[in-house]
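Report on the following structure.
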């Protein structure tokens, strides 16, 4: 005779599946947190690049004005 009943085997299999599901959900949550952190870092870098581009355009305009002032003088 077997020690295990069909019912106990089903309960055991269910518990194993639930544990595996919980572990997978934790991994997904961790991956989503990393994804959000990476997206925030990319947005921050994009903002820095935009600021640098804006400052570059301003500097170019200032150089043009200086060149125009020199031409007039």
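Residue numbers (the numbering used here): -9 to 63. Ideal placement from N, C-alpha and C gives every residue a C-beta, glycine not left out.
Indicate the three-state DSSP secondary structure (helix, strand or coil) for residue -5 in the structure shown.
coil
Specify the secondary structure class of residue 61 as computed by DSSP and reduced to three states.
helix
What's the gap between the Cα of residue -9 and the Cα of residue 23?
Interpretation of residue -9 is limited by its pLDDT of 48, a score under 50 that renders its predicted location unreliable; the figure taken from the coordinates is listed afterwards. The alpha-carbon atoms of residue -9 and residue 23 are separated by roughly 50 Å.
What does the alpha-carbon distance come out to for the pair residue 60 and residue 26?
51 Å
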